Structure formats: C-alpha cells, structure tokens
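First comes the structure, then the notes that go with it.
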Amino acid sequence: MRKLDRAFYDRDAQLVARDLLGRYLVHRVGGLERVGRIVEVEAYLGPHDLAAHSSKGLTPRTRVMFGAPGHAYVYLIYGMHHCVNVVTEAEGRASAVLLRALEPVSHLEGRTQGPGLLCKAMGLDLRHNGADLLGDDLYVAEALPMPPLRIVRRPRIGVDYAGHWARRLLRFYIRDNRWVSKP
DNA sequence: TGAGTGATGCAG
DNA sequence: TGCATCACTCAT
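Residue 1 is where the first sequence starts when you use full-length UniProt numbering, and the numbers rise one by one after that.
So this is what it looks like as structure tokens:
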C-alpha cells in the first residue's frame, strides 16, 4: 500500500479529515502490520477553534500540534485512554484531525469504535506522540482504487464547553458504516 | 448516569 | 503548590 505524502497533510484540516475517510491507518509493531480503515474523524481547526487543544497556545503538550504537518499528536485523556490525531496545514497553524473509529482490517485487538479503543487496538500510546507519518512504522496508506463514499457531517463529540464551536459540523464519518462510534 | 484515572494548565 | 478540568469507556 502506498503511503500518503507530506502534501496530503499540508492542506485545510477539514479537507484532510474528509480525505482520510476510507484510507488505511498502518502500525508496524513486532514484525506485524496492524491495519484499520478510517471510518470516522473530527477536524480541529487551530488556536481560534475553542474546542482544539491548541486554543491554549503553545505549551509542552500542544507542541506537536503546532509543528509540521504529517505527524502524530497523541495524548492521554481521563488518565487512562489515548487519542491519536494527525497534524495538518503548515507549521504553526496548529490544526489536526482526530481519528475516532476504524474498520478492522488486520491484526487489531478488540474493538475500534471510539478514539480510546482505536488507540488500544492499534497499540498506540504516548511513545508515538510526534511520530512522523512518513516513516515506516506508523502511516496512512492510499486505498486504490478509492471507492466513492457517502460522507455524513455532524457536530463533534464531547466539546460542549466550546460555545458555538461545539455546533460546527466538523465530525465526518462514512454513512451506514457499522464501525462508526456514534452514528 | 456516574465512577474511574492522572496529566495538564491556571490560579494563587 | 493545589485544584478543576478533560477531544473517553464501561458498568449501572
């Protein structure tokens, strides 16, 4: 499978979010290839987006989000779950796309419906924070040929604190796909 | 609907 | 320093 290049990520976060749907997240670990088809994502637009971590400004935690596109931003939430994002747009824009659910393809353990379960199934944790998605261990691959997708837009999950930003339609998923976390 | 869990960021 | 908060999940 062909790896997506830097230019793919160096675009508007909403475009990247939509285009990630149907493509494959790959994690090579212990000689095994863990693969899942991306079926649900959320876009976080940058420091002006009050739901985005980067709205707190440049901190040790958000450093990766402010960095170059095509890197993984992984963080720990509620003391037990990990979430993985891909950094988008030019360095400093601090936008990213959260991966929320996968359709299992190979070597995934357990459920993949939800950002925490996704990371658990893929074996992703804080060690992967800042990982370059153009490396050989963790990347997103083309789906060829790419079938036409029916994409649904909804408000993002769990960001009610963000005022009107909580109502923006920045969550995208593949319609009628059984692996979506909250249809 | 509420508990569990610990890093994070801000107030002091 | 201390404390409220949190892009979640699972059992009631």
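Just so you know, even glycine gets a beta-carbon here, dropped at the ideal spot from N, CA and C. A quick note: this is a predicted structure, and the numbers were derived from the prediction, not measured.
Assuming Pro69 and Glu89 are in contact, meaning their beta carbons sit under 8 Å apart, how far apart are those beta carbons, in whole angstroms?
One-based indexing of the first sequence puts residue 69 at position 69. One-based indexing of the first sequence puts residue 89 at position 89. The pair is a contact, with the Cβ atoms about 6 Å apart (cut-off 8 Å).
Output the distance between the C-alpha atoms of Glu40 and Arg167, rounded to the nearest integer angstrom.
Translated into the one-based positions of the first sequence, residue 40 becomes position 40. Translated into the one-based positions of the first sequence, residue 167 becomes position 167. Glu40 and Arg167: Cα-Cα distance of roughly 17 Å.
Using the Cβ count rule (16 or more neighbours within 10 Å means buried), how would you classify Met146?
Residue 146 sits at position 146 when you count from the first residue of the first sequence. Per the 10 Å Cβ criterion, exposed.
Any contact of the segment 14 to 29 with the segment 171 to 182, i.e. 3+ C-beta pairs under 8 Å?
yes
Buried or exposed: which applies to Ile151, given that a residue is buried once 16 or more other Cβ atoms fall within 10 Å of its Cβ?
Within the first sequence, the letter at position 151 stands for residue 151. The residue in question, Ile151, is exposed, as its Cβ has fewer than 16 Cβ neighbours within 10 Å.
Relative to the C-alpha of Tyr161, which candidate in Ser55, Leu144, Met1, Tyr9 has its C-alpha closest?
By 1-based counting over the first sequence, the position of residue 161 is 161. Ranking the options by Cα distance to Tyr161, first place goes to Ser55.
Is there contact here, the segment 2 to 13 with the segment 69 to 85, by at least three beta-carbon pairs under 8 Å?
yes
Mapping DSSP to helix, strand and coil, what is Asp49?
In the first sequence, the residue the question calls residue 49 occupies position 49. In the structure shown, Asp49 sits in coil (DSSP, three-state: anything other than H, G, I, E or B).
How many Å lie between Ile157 and Gly30 at the Cα?
Your numbering for residue 157 matches position 157 in the first sequence. Your numbering for residue 30 matches position 30 in the first sequence. Cα to Cα, Ile157 sits roughly 33 Å from Gly30.
Bridge partners for Asp132 per DSSP, in chain order?
The sequence position of residue 132 within the first sequence is 132, counting from 1. DSSP output for Asp132 lists His71 as bridge partner(s).
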